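**Q** Numbering (the working numbering) for the sequence shown: 895 to 1618. Yeah, the Cβ is synthetic: ideal placement off N, Cα and C, and Gly gets one too. Keep in mind that this is a model prediction, so the values were computed, not measured.
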Amino acid sequence: MDSIQTPNNNTTTFLPPPPGLHIPTTTTAAATTSYGGGVSIPNLKVPKPEPFDDSDVEKQLQLYSDFCRVSNLFREAFGNVDFPSDIDSELVDVKVSISDPNGVVDLNLPAPNSQPEEESLDFLDPDSGAIVPVPPIQEVAVTTPRRKQSRVKELVRVVDLGVKDQVHFREVVRKTRMVYESLRVLTSVEEEKRAVAAAEEEKRMMAAMAAAAAAAAAAASAALADGVAAEGSGKPEGSGSNGSRTYRRLRLRGDLRAASLMRDQGLWLNRDKRIVGATPGIYVGDIFLFRMELCVLGLHGQIQAGIDYLPGSMSSNGEPIATSVIVSGGYEDDLDDGEVIVYTGQGGQEKNSFRQASHQKLEGGNLALERSMHYGIEVRVIRGMRYEGSASSSGKVYVYDGLYKIVDCWFDVGKSGFGVFKYKLWRIEGQEKMGSAILKEAREIRRSGFDFKPMYCLSVDISNRKENVPVRLFNDIDDNQDPLYFEYLTRTTFPQFVFHQSGKATGCDCVDGCADGCFCFMKNGGEFPYNQHGILVRGKPLIFECGPFCRCPPHCRNRVTQKGLKNRLEVFRSRQTGWGVRSLDLIHAGAFICEYAGVVLTKEQAQILTMSGGDSSIHPNQFSERWAEWGDVSQVYSDYVRPSYPSVPPLDFSLDVSTMRNVACYMSHSSTPNVFVQFVLYDHNNLMFPHAMVFAMENIPPMRELSLDYGIADDWTGKLSICN
């Protein structure tokens, strides 16, 4: 690389050698001679953008503007602070113990070797775990008060967590994600109401305008009849060619609003410290539907940029350090082979384009990646990829793929002829399988069916086409084939007296789907249980869906669980849980999965079955009330009240699954489940015998086992005896 030709002219522009980087000899010589003449490089045009999902995002993103304002205030206050110049760039390992309410968390972090270890630790805050020692605090006059606390000032690495601590952090992440998704779904319901109100208002205005136009036309006709020339066209001011006006309504973004509300309540995680390495409570393979959720969890703190880093102005030694990157194919020079990535630095792109328009500079995120390579600090890699079932307009999902080491960095000529920084990332060994690889494998199984590992596929569909989609049976562990010996049920079988004791049959009179104020709307406490996409808004003791006595069509928004299975599930053999269930599709939080089906037995019938020694029953009254957690936004809204209507009497029946069952019977028990049971009525009105419907508590990636809190399970296996 002797020179770079600028596409717009025939002049030759030589690039300067970036400081601290290895450059080929020919390039260095050329750059040296050219810079004697004072050749300048075109300025950076656009920072590295990861495009938003919507063009209206800048108007809604108050969160982003607040963050920029606070960042500017911090730079004004501390930008000119002189840090000690004798800090060496060489790092040593420092083992720091930090007291935590749940135990002791060990932080194994590098720190500068500027002086003997004893002296370095003198000014190292024992409760910080900083990546470098913090210099003595200097007094700086700050004229503008901070409105909100700025993002972090130190880097920590959490290591050697015990099982108890891992469970604790996972539960914290799970509940935070549930609040985020609940707020997002609530926003979607509010947006639906706003859309209906806007449509009605537009109809009203159109009718008023039509009436005004008709009146003007009548007046003009009368004037002509009197021999007076009519003036004007009779159209309202500002109207279109057909007399109508166009209005552009700002759409509510649920992901942005949920993040903003949680930030205002201090519910964002990992804000007090910037974490290097693995984030506690987040597993490799976790999937996220929106970029903002990454910010809420502290996994990636940049709303748009693909490189998250601690700026030099916040670092104790004045050097930026990268913590995570998003790989989504946003640059034409990126290369992604899974385990090895060639990542292109930020900056120099044309707006809304992958093409480079100018040379990149060694600053910001580019410098942070180079410094992370120098210090041997790993970065988290989140891949953005287009996938079926995405909730965003871009069609992308984001999956956490683990930790990578930056092993090389160089300056090169990109495909568009401009200079770019490139970084080679290698995945650290010993981690779980990449989530992006699992997504691709699930996609291949869906496409190939029986052809994917046919020797382990015992059945393409154990439901024998009774379900809407096939239920696969897979076993690559042993020769057990028990699920093939049961008759498959698609829904629970109730005794006839349940329908006779249901009282007077009533239903709604809706013609084109239920609307606010209808009979079924009021029956559910003055709200619909689902949004327009069939997502459960919040859990309730009991949900009334439209039934056979309702006049609404099958596509009514209040008919969800009765439609049956829609995700492709697989019963598989596991070394840890015996038989288990996983999905080949991405399941959204709050989405219906399947019914927990069996044959209903009364209390007396169940006792007789137990006495005969053949008890294989499920007792619905023992399911834990996990439904109350879904939609619980009490941490954001202090006036939130847990739903108590309608009150359900104690359930005094059981489900016999000894000979007939469905896919739900193979779900494993867990005290931290990812699915829950919601009671639903639709085919009868007997409150004593509801259907047990299974919903997702979180976004569940393909090939991840579904787990349910049965309330009572086998102490040894963690599974119900019927599934062992």
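Could you tell me the alpha carbon to alpha carbon distance between F1517 and L1188, rounded to whole angstroms?
**A** 32 Å
**Q** In chain order, what residues of the same chain have a beta carbon less than 8 Å from the beta carbon of K1327, not counting five sequence neighbours either side?
**A** V1178 and G1179
**Q** Could you check where the beta strand (DSSP E) with A1590 kicks off and where it finishes?
**A** H1585 to A1590
**Q** Would you check if the distance between the CB atom of T1504 and the CB atom of S1562 is smaller than 8 Å?
**A** no
**Q** Given G1289, which residues of its chain have a CB within under 7 Å of its CB, disregarding the five upstream and five downstream residues?
**A** R1280
**Q** Under three-state DSSP, which class holds D1403?
**A** coil
**Q** Which two residues bound the contiguous beta strand (DSSP E) that contains L1261?
**A** Segment G1259 to Y1269 is the alpha helix (DSSP H) holding L1261; no beta strand (DSSP E) there.
**Q** Measure the Cβ-Cβ separation of R1321 and E1257 and say whether it is below 8 Å.
**A** no
**Q** Tell whether a beta-carbon distance below 8 Å holds between V1530 and M1267.
**A** no
**Q** Is it a yes or a no for the stretch 1488–1498 touching the stretch 1382–1393, going by three-plus beta-carbon pairs under 8 Å?
**A** yes
**Q** Buried or exposed: Q1572, going by 16 or more other Cβ atoms within 10 Å of its Cβ?
**A** Q1572 is buried by the Cβ-count criterion.
**Q** Taking the beta carbon of I890 as the centre, do at least 16 other beta carbons fall within 10 Å, making it buried, or is it exposed?
**A** The shown model of the chain, from 895 to 1618, leaves out residue 890, and the question about it has no answer.
**Q** Using CA coordinates, which residue listed in I1271, I1215 and A1199 is at the minimum distance from G1206?
**A** I1215
**Q** Going by Cα to Cα distance, which pick from H1578, A1116, D1376 and L1602 is closest to R1520?
**A** L1602
**Q** Under the DSSP definition of a beta bridge, which residues are partnered with E1464?
**A** R1366 and R1476
**Q** If you check the beta carbons only, do C1446 and G1411 fall under 8 Å apart?
**A** no
**Q** Taking all protein chains shown into account, decide if G1223 is buried (16 or more other Cβ within 10 angstroms of its Cβ) or exposed.
**A** Its Cβ having fewer than 16 others within 10 Å, G1223 is exposed.
**Q** To the nearest angstrom, how far is it from the Cα of P1596 to the Cα of V1293?
**A** If I take the Cα positions, the gap works out to 11 Å.
**Q** Kindly list the residues whose CB is nearer than 6 Å to the CB of L1600, restricted to its own chain and excluding five residues on each side of it in sequence; keep chain order.
**A** V1475, M1561 and V1569
**Q** Would you kindly check if the distance between the Cβ of K1457 and the Cβ of V1363 is under 8 Å?
**A** no
**Q** Would the stretch 1536–1551 count as touching the stretch 1364–1375 if we require 3 or more Cβ pairs under 8 Å?
**A** no
**Q** Does the distance from the CB of L1575 to the CB of L1436 come in under 8 Å?
**A** yes
**Q** For I1201, which of V1090, G1241, N1211 and E1095 has the nearest alpha-carbon?
**A** G1241
**Q** Assuming V1275 contacts L1319 (C-beta within less than 8 Å), just tell me the rounded distance between them.
**A** 7 Å
**Q** Mind checking Y1604: buried by the 16 CB within 10 Å criterion, or exposed?
**A** buried
**Q** Which residue wins for smallest C-alpha separation from G1313, given the options S1252, S1342, A1336 and S1357?
**A** That would be S1252, whose Cα lies nearest to the Cα of G1313.
**Q** If you draw a straight line from the alpha carbon of M1072 to that of G1308, how long is it in whole angstroms?
**A** 42 Å
**Q** From D1302, F1368, G1484 and C1559, pick the residue whose C-alpha is nearest to that of P1514; which is it?
**A** With distances taken between CA atoms, P1514 lies nearest to C1559 out of D1302, F1368, G1484 and C1559.
**Q** Let me check understanding here. Comparing Cα to Cα, which of D1231, K1069, C1488 and P1544 lies closest to L1581?
**A** Shortest Cα-Cα distance from L1581 to any of D1231, K1069, C1488 and P1544 involves P1544.
**Q** Which residue or residues does DSSP assign as beta-bridge partners of D1306?
**A** V1314
**Q** Do the CB positions of G1278 and L1263 come within less than 8 Å of each other?
**A** no
**Q** Cα-Cα, which of T1173, A1101, C1402 and E1464 is closest to P1442?
**A** C1402
**Q** Suppose you measure from the CA of P945 to the CA of D1149; what does that come to, to the nearest Å?
**A** The predicted position of P945 is uncertain, since its pLDDT is 44 and thus under 50; no value can be drawn from it.
**Q** Taking the runs of the beta strand (DSSP E) that are 3 residues or longer, which of them lie wholly in the stretch 1316–1361?
**A** 1351–1353
**Q** With H, G and I counted as helix, E and B as strand and the rest as coil, what does DSSP make of H1563?
**A** Note: H1563 maps to strand in three-state DSSP.
**Q** Pull up the distance between the alpha-carbon of P1537 and that of N1579, whole angstroms please.
**A** 20 Å
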